[in-house]
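Heads up, the thing below is written out as structure tokens.
In this note's numbering, the protein residues as written are 1 to 202.
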């Protein structure tokens, strides 16, 4: 049983119980399309190891969601997230994957066209279509070095700009009303997963 602590008063004099971390901790399963880029990023969050289980499956859209549904049975997860890109996959597959995940109680951190859009949003707001090749060129210029796709340094390099990225991503998603993930280029929901993970950073 979790240990409960006595109520305390905040600066305004209101009673507020100090919440024990064990009471609010959740268990995440993050299933990624990529085998390295996305897993390396999400494994870099400074959250307890027993909070996040990150898998890089090297599979895409519908297959990824189906595998996530299978993996969900292996443990007592509070949140299950599927991370995948639009890339060149058939339109119907992409939207079907987003729909299947939502109907099955899973969350989706998708990117149209690529995960690197999330990195770009750390520097600037982007609302015009960008090709995968352009992402690499732009990131290399902004980083001041050649962008390495499977780098383990990206979280640390971009952390100081993360608040800007979240704000830019929310603004971009708000322009897609109603959203049509397969056609909304650029668009992303990666920030929604980032916000959830940030709740458990030590």
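In this text, a Cβ means the ideal position worked out from N, Cα and C, and glycines have one as well.
Cα-Cα separation between residue i and residue j, rounded to whole angstroms
{"i": "residue 56", "j": "residue 132", "result": "20 Å"}
{"i": "residue 166", "j": "residue 77", "result": "25 Å"}
{"i": "residue 175", "j": "residue 184", "result": "9 Å"}
{"i": "residue 171", "j": "residue 32", "result": "24 Å"}
{"i": "residue 92", "j": "residue 182", "result": "8 Å"}
{"i": "residue 82", "j": "residue 153", "result": "22 Å"}
{"i": "residue 163", "j": "residue 193", "result": "13 Å"}
{"i": "residue 140", "j": "residue 180", "result": "29 Å"}
{"i": "residue 35", "j": "residue 188", "result": "19 Å"}
{"i": "residue 129", "j": "residue 144", "result": "23 Å"}
{"i": "residue 58", "j": "residue 177", "result": "31 Å"}
{"i": "residue 23", "j": "residue 200", "result": "Low confidence applies here, because residue 23 scores a pLDDT of 44, under 50, leaving its location unreliable; read the following figure in that light. Taking the straight line from one Cα to the other gives about 12 Å."}
{"i": "residue 26", "j": "residue 96", "result": "28 Å"}
{"i": "residue 191", "j": "residue 137", "result": "22 Å"}
{"i": "residue 123", "j": "residue 156", "result": "14 Å"}
{"i": "residue 125", "j": "residue 49", "result": "32 Å"}
{"i": "residue 195", "j": "residue 98", "result": "19 Å"}
Helix, strand or coil at residue i according to DSSP, with G and I counted as helix
{"i": "residue 128", "result": "coil"}
{"i": "residue 53", "result": "strand"}
{"i": "residue 74", "result": "helix"}
{"i": "residue 140", "result": "helix"}
{"i": "residue 194", "result": "helix"}
{"i": "residue 9", "result": "Here the model assigns residue 9 a pLDDT of 41, short of 50, so the residue's position is not dependable, and the following value carries that caveat. Three-state result, residue 9: strand."}
{"i": "residue 200", "result": "coil"}
Element boundaries [beta strand (DSSP E), containing residue i]
{"i": "residue 277", "result": "Residue 277 is absent from the structure shown; the chain starts at 1 and stops at 202."}
{"i": "residue 110", "result": "107–112"}
{"i": "residue 175", "result": "No beta strand (DSSP E) holds residue 175; DSSP gives it neither H nor E."}
{"i": "residue 65", "result": "Not the beta strand (DSSP E): residue 65 falls in the alpha helix (DSSP H), residues 61–71."}
{"i": "residue 85", "result": "79–85"}
Start-to-end residues for the alpha helix (DSSP H) that takes in residue i
{"i": "residue 42", "result": "37–42"}
{"i": "residue 94", "result": "91–103"}
{"i": "residue 156", "result": "154–158"}
{"i": "residue 119", "result": "116–120"}
Rounded distance between the beta-carbons of residue j and residue i, thought under 8 Å
{"i": "residue 113", "j": "residue 186", "result": "7 Å"}
{"i": "residue 107", "j": "residue 79", "result": "6 Å"}
{"i": "residue 61", "j": "residue 94", "result": "6 Å"}
{"i": "residue 168", "j": "residue 121", "result": "4 Å"}
{"i": "residue 101", "j": "residue 65", "result": "5 Å"}
{"i": "residue 46", "j": "residue 202", "result": "6 Å"}
{"i": "residue 135", "j": "residue 117", "result": "7 Å"}
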